[in-house]
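Okay, so the sequence shown: first residue is 571 according to the numbering used here, each after it adds one.
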Amino acid sequence: MSKPYYLQLKEVIQEKIEDGTYSPGKELPSERQIAEHYGVHPHTTRAALKLLEKDGLLQLVPRRGAFVNLRRSEEDNTELGFTLPGGKKGRRKRIVVQIRQAGPYYAKIFQVHPEEELYYVKRVVKEKKPLYMEELFVLKKNVPDFPELHPDIFSLSDILAQKNVPITRTSQLLKICDASKEVRKKLKLPEGSVVLHLERTDYDREGPVAFTKYYLRSEDLAVEVKFKKTPIDE
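Next comes the structure, spelled out in structure tokens:
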């Protein structure tokens, strides 16, 4: 007895993922395109893709499509420190991704020359209303194809792990500050508002690899803090 079509299609797509035809981070053809190519119903394609997502090979993004998952870091990626809301329910709206020089301020943070190139990402995370604005800086030399790895879909830690730059530690600083005109506009806050300002620096074994600034609405936001006990050798 032959296998159902959706299982046969799953195996075909899985083989293309494993042989590199569909590389990590790559967007697959649409469900309709796959269905037309293999002569099956779109429902068959959807069933096959959902199984591949269940197996951890794909990430299905509503209104975007199917993406091959990135390689997971072998490091312990448990999020410690401040954990922001929004997660899977929050909707990330990418505003801009561009290349810029570090300049004196970020050169000091990354311990590089001011001429070093960084990727700069600015976005707002929303649910029913804006939750926070995020500004991310990543060393370009570590992830030359950063935009092609869909930073609006995949986590920073997974993108860096894909490039063999695993995050080994993180430092964070939280303070309260006046909201700038730009932050008020993005978060739809009135003049005179204050926000929680969180700065996060991620390191690999050689030094800083990413720096993130978050501006969070303070009036109705809870920030979770997680700690991990480190064994002490006797």
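Glycine included, C-beta positions come from ideal geometry on N, C-alpha and C. Here the structure is a predicted model, which means the values were calculated and not measured.
According to DSSP, which residues form a beta bridge with LEU630? In DSSP, LEU630 forms a bridge with ALA636.
Tell me which same chain residues have a C-beta within less than 7 Å of the C-beta of ILE587, skipping the five on either side of it? LEU627 and VAL638.
Between which two residues does the beta strand (DSSP E) harbouring LEU743 extend? Element bounds for LEU743: 739 to 748.
For PRO700 versus LYS755, is the C-beta spacing smaller than 7 Å? No, the Cβ-Cβ distance between PRO700 and LYS755 is not below 7 Å.
Supposed contact pair ALA780 and PHE707 - C-beta distance, whole angstroms, cut 8 Å: The distance from the Cβ of PHE707 to that of ALA780 is about 7 Å, consistent with a contact at the 8 Å cut-off.
Run through DSSP, which three-state label would VAL772 get? Strictly speaking, residue 772 in this sequence is Asp, with Val absent from that position. In the structure shown, ASP772 sits in a strand (DSSP, three-state: E or B).
contact_flag[the region 724 to 736, the region 757 to 771] where n(CB pairs < 8 Å) is 3 or more: Because the criterion of three Cβ pairs below 8 Å is not met, the region 724 to 736 and the region 757 to 771 do not touch.
DSSP three-state assignment for VAL582, whether helix, strand or coil: Helix, per DSSP.
Within the region 679 to 713, ranges of the beta strand (DSSP E) (whole runs, at least 3 residues): Entirely contained in the region 679 to 713, the beta strand (DSSP E) runs reaching 3 residues are, in chain order, 687 to 696 and 700 to 709.
Would you grab the beta carbon distance between ARG693 and ILE665 for me? Rounded to a whole angstrom, and I think it's under 8 Å. Cβ atoms of ARG693 and ILE665 come within 8 Å of each other, at about 5 Å.
Using a threshold of 7 Å, state whether the C-beta atoms of ASP772 and ILE746 are closer than that. Taking 7 Å as the cut-off, the beta carbon of ASP772 is found no closer than this to the beta carbon of ILE746.
Going by beta-carbon coordinates alone, are TYR785 and VAL753 separated by less than 7 Å? In contact: TYR785 and VAL753 (Cβ atoms closer than 7 Å).
How far does the alpha helix (DSSP H) with ARG641 in it reach, from first residue to last? Taken as a continuous stretch (DSSP letters only), ARG641 belongs to no alpha helix (DSSP H), as it is neither H nor E.
Option in GLY762, MET703 and ASP774 with minimal Cα separation from GLN681: Measuring from the Cα of GLN681, the nearest candidate turns out to be ASP774.
So, for PRO684: in the same chain, excluding its five sequence neighbours on each side, which residues have a beta-carbon less than 7 Å away from its beta-carbon? Around PRO684, the same chain offers GLN671, ALA672, GLY673, PRO674 and ALA677 as residues with beta carbons nearer than 7 Å, after the five sequence neighbours per side are excluded.
Grouping DSSP H, G and I as helix and E and B as strand, with all else coil, what is LYS755? It is helical.
Roughly how many angstroms separate the alpha carbons of LEU710 and GLU718, rounded to a whole number? Before going on, a small fix: residue 710 reads as Lys here, not Leu. About 13 Å.
Can you tell me where the alpha helix (DSSP H) with ALA617 in it begins and where it stops? Where ALA617 is concerned, the enclosing alpha helix (DSSP H) stretches over 612 to 624.
For GLU761, does the three-state DSSP call read helix, strand or coil? GLU761: coil per DSSP, three-state reduction.
Since THR591 and ILE604 are thought to touch, with beta carbons under 8 Å apart, how far apart are those beta carbons, to the nearest angstrom? In fact, because the Cβ distance is near 13 Å, the residues do not count as touching under 8 Å.
Roughly how many angstroms separate the alpha carbons of VAL582 and PRO612, rounded to a whole number? Each residue's Cα considered, the two are about 15 Å apart.
Does ALA781 come out as helix, strand or coil in the three-state DSSP assignment? The question names Ala, but residue 781 in the sequence shown is Phe. Residue state, collapsed to three classes: strand.
Among the candidates LYS783, GLN584 and SER788, whose CA atom is the shortest distance from the CA of PRO760? The option with the nearest alpha carbon to PRO760 is SER788.
For a test of the three-state rule: what should DSSP assign to THR665, helix, strand or coil? In the sequence as displayed, the identity of residue 665 is Ile instead of Thr. Correct three-state label for ILE665: strand.
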